[in-house]
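>
Protein chains in written order, with this note's numbering: chain A, 1 to 369; chain B, 1 to 369.
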């Protein structure tokens, strides 16, 4: 089962409040999805994730393909069983990692040959294989295998790449073994070129996917360029389908994305900066590793009521991070995810009340954007 | 406040069931104390520790002295506040780490000069300083500063070292600033020499400490030698005071120690082997990292009802450990602590029922000892 319901559009911005229904439960949109690269949202267990009210998490097909591998996931009966997570899971297609992590890549019409970043072993990824792997994983939402062209690519390369991605999308759709229970999203590409974005959206919409992702953004371009690309893309996507902006999760981009009609986001930012000792707070980022916090016995964020902020001080968290203690990474990860999921809840509430512009103003001012 | 109550002695072995009352709550003995080296039981947060029913944890004075340092702990109002742990804490004196981690050691009557293992900075630790640091930390149970003579030391060296430890114990007692609320234990040394152990115990007992530790064991000698040293030492300690066997925590040594009249144990074994991917189970150790568990979807220990065993498989845990995922270390740590604390609960129950010999037989047989 997969269904998207548009509940309302915010009066002033058109931001969308909605609901996605899957076999593993409902998701309120707009939503932020914590990234669980290799069958774990780093340092979080399923109790933490439930506690955080994470409604859906991500898995990475590339990583899961290399470890533990298709055979183990298959034997486990899918990723939900393997990692003991009974809520929805979205998987990417592996495309992004093949291009960002894989070595010795060789792209052809057939697919991509690459060497594993772990052991250099040679692999071939094709639209059919990426789809099959996601069928084995059993994710509620799957992605078409796409080429992520480099941000520096010129018009001609980007055009050919986008057209290849569209042909691959058709092959993914044809290869999909379980469309009743797993929704396969098409991925709009086209770099920073308006007409290519439009062509990509047009051709994918014609294939009637149950949802659409916007890929190839947040790859080094300015925020203004990214927002402009959203401005030209989302109006071309059908209102009755969810839209997922891939790999974007900074505070400002979440709000600006929602205003431009995005329903779903994911990003490793929250969890990655946590492990390096940086907290996201209502007053901007706090680099708790800094010496200035050595005797600061206040919470990470005085406005936050997560259990880390209720019980632990910046001084303690700094100590843990300085000592490379696992608990430091864990507590900061918990807080950053709480902060972000709580922001999304505030965004949903603001759409309900038609006060999203005020929320943006308020959040940006305090965050110092 | 500090009080030890001997509730009963087991009929066949003389093993002791008791209770320690501190300002931060009661501790049932015999007890195992998880080690929280630098203000954290590695990877566990206070909710995990409560969930595990950890009744008391350890802190290491040497580590806390180097990081975050006396000034931060003082400003935080002690270690309980700093790490948000409201149950009892025991601290060692730093002696063991000065000898095992410190560089360029120079021992004198005054104390020990050493170089930090972190940055090579020079420090002097004395009985007075170790006591003062523990007063600042605010631990419920403190240790006298002792010299841990190397296991290879000869009779003369060990004798001089033991006598120095006894003189240092008197200085620690004299320096103690808060005896009403923090109990200072004397540490019996004397290597593997019966008469030195006896002399050490005799002289410390004459000083009337509220409890006694047995140090310098489990340093490379055989288990038989260690048990023999306990056999000659514990009968010399007063029945109405608790006895703590330092740094010992293997399944057999816990049971054999209890049988020889020990009330308290600590060990890094549980948490250290967890991080390397080894689980303690009712059927012995399981090295879950091994390939044989790749598709083993059974729990770590079929007899364990901890949340890890109830919800996660060996295959998943192996995957996490193989990928160096924080969650792998955390889940195995949780299980190993649960297993050990549960074993101590079984031991207490067996003392209550006078069935400790049967429990030993049963546990050893299954564990393969």
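Even for Gly, the Cβ is constructed at its ideal location relative to N, Cα and C.
With 9 Å set as the bound, which would you pick, yes or no: does the beta-carbon of residue 255/A sit closer than that to a beta-carbon of chain B?
No, because no Cβ of chain B sits closer than 9 Å to the Cβ of residue 255/A.
> Which residue wins for smallest C-alpha separation from residue 271/A, given the options 329/A, 321/A, 285/A?
Checked all of 329/A, 321/A, 285/A; the closest Cα to residue 271/A is 329/A.
> In its own chain, which residues sit with a C-beta less than 6 Å from the C-beta of residue 210/B, not counting the 5 before and 5 after it?
The answer, listed in chain order, is 2, 183.
> Could you please give the first and the last residue of the uninterrupted beta strand (DSSP E) stretch that includes residue 90/B?
Taken as a continuous stretch (DSSP letters only), the beta strand (DSSP E) holding residue 90/B covers 89-91.
> In the structure shown, what three-state DSSP assignment does residue 259/B receive?
Note: residue 259/B maps to helix in three-state DSSP.
> For residue 45/A, name the three-state secondary structure that DSSP assigns.
Here residue 45/A sits in coil by DSSP.
> Listed from N- to C-terminal order along the chain, which residues in the region 33-47 of chain A have their beta-carbon within a distance smaller than 8 Å of any beta-carbon of chain C?
Within the model displayed, chain C is absent; protein chains A and B are what it includes.
> Taking only runs that begin and end inside the region 90-147 of chain B, name each unbroken alpha helix (DSSP H) of 4 or more residues, in chain order.
Counting only runs of 4 or more, we get 95-100, 127-137.
> Going by C-alpha to C-alpha distance, which of 191/B, 31/B, 62/B, 75/B sits closest to residue 123/B?
It is 62/B whose Cα lies nearest to the Cα of residue 123/B.
> Which value, in whole angstroms, describes the spacing of the CA atoms of residue 307/B and residue 149/A?
Each residue's alpha carbon lies about 44 Å from the other.
> Taking only runs that begin and end inside the region 143-206 of chain B, name each unbroken alpha helix (DSSP H) of 4 or more residues, in chain order.
The qualifying runs are 155-175, 194-206.
> Answer with buried or exposed for residue 302/B, where buried requires no fewer than 16 other C-beta atoms within 10 angstroms of its C-beta.
Exposed: under 16 other Cβ atoms inside 10 Å.
> CA-CA distance, residue 48/A and residue 259/B?
Roughly 40 Å separates the two Cα atoms.
> Contact between the region 26-36 of chain B and the region 312-323 of chain B is defined here as three or more beta-carbon pairs at a separation below 8 Å; is this criterion met?
The region 26-36 of chain B vs the region 312-323 of chain B: no contact.
> How big is the Cα-Cα spacing for residue 350/B and residue 287/B?
Taking the straight line from one Cα to the other gives about 29 Å.
> Between which residues of its own chain and residue 255/A is the CB-CB distance below 6 Å, once the five residues before and five after are set aside?
Correct list, in chain order: 360.
> Using CA coordinates, which residue listed in 32/B, 166/B, 345/B, 282/B is at the minimum distance from residue 111/B?
With distances taken between Cα atoms, residue 111/B lies closest to 166/B.
> One question on the structure: do residue 294/A and residue 72/B come within less than 9 Å of each other, judged by their Cβ atoms?
In this structure, residue 72/B lies closer than 9 Å to residue 294/A by Cβ.
> Tell me which residues share the same chain as residue 262/B and place their Cβ nearer than 6 Å to its Cβ, disregarding the 5 neighbours each side in the sequence.
Cβ within range, chain order: 243, 245.
> Below 9 Å between beta carbons: does that hold for residue 114/A and residue 249/A?
Their beta carbons are not under 9 Å apart, which means residue 114/A does not touch residue 249/A by this criterion.
> DSSP puts residue 23/A in a beta bridge; with which residues?
Residue 23/A pairs with nothing; no bridge assigned.
> Report yes or no: is there a C-beta of chain B within less than 9 Å of the C-beta of residue 54/A?
With 9 Å as the cut-off, residue 54/A does not count as an interface residue toward chain B.
> Within 10 angstroms of its Cβ, does residue 7/B collect 16 or more other Cβ (buried), or is it exposed?
Exposed: under 16 other Cβ atoms inside 10 Å.
> Assuming residue 56/A and residue 91/A make a contact with CB atoms under 8 Å, what is their CB distance in whole Å?
No, residue 56/A and residue 91/A are not in contact; Cβ-Cβ is about 11 Å, not under 8 Å.
> Which value, in whole angstroms, describes the spacing of the CA atoms of residue 131/B and residue 70/B?
So the two alpha carbons sit approximately 12 Å from each other.
> Please state if the CB of residue 143/B and the CB of residue 102/B are separated by a distance shorter than 9 Å.
Taking 9 Å as the Cβ cut-off, residue 102/B and residue 143/B do not qualify as a contacting pair.
> Would you list, in chain order, the members of the region 15-33 of chain B that have their beta-carbon closer than 8 Å to a beta-carbon of chain A?
Residues passing the 8 Å Cβ filter: none.
> Please classify residue 276/B as buried or exposed, where buried requires at least 16 neighbouring CB atoms within 10 angstroms.
Residue 276/B should be labelled exposed.
> In angstroms, rounded to a whole number, what distance separates the CA positions of residue 195/B and residue 145/B?
C-alpha separation (whole angstroms): 22 Å.
> Mind checking residue 108/B: buried by the 16 CB within 10 Å criterion, or exposed?
Residue 108/B comes out exposed.
> Comparing alpha-carbon positions, which option in 64/A, 135/A, 75/A lies nearest residue 116/A?
Taking only the C-alpha atoms, the option nearest residue 116/A is 64/A.
> Does any CB atom of chain B fall closer than 9 Å to the CB of residue 327/A?
It does: the Cβ of residue 327/A has a partner Cβ on chain B nearer than 9 Å.
> CA-CA distance, residue 355/B and residue 54/A?
The alpha-carbon atoms of residue 355/B and residue 54/A are separated by roughly 48 Å.
> Quick one: give me the first and last residue of the alpha helix (DSSP H) that residue 244/B is part of.
Per DSSP, residue 244/B belongs to no alpha helix (DSSP H); it is in the beta strand (DSSP E), 243-245.
> Assuming residue 186/B contacts residue 207/B under a Cβ cut-off of 8 Å, what Cβ separation, rounded to an integer in Å, is found between them?
Indeed, because the Cβ distance is near 6 Å, the residues count as touching under 8 Å.
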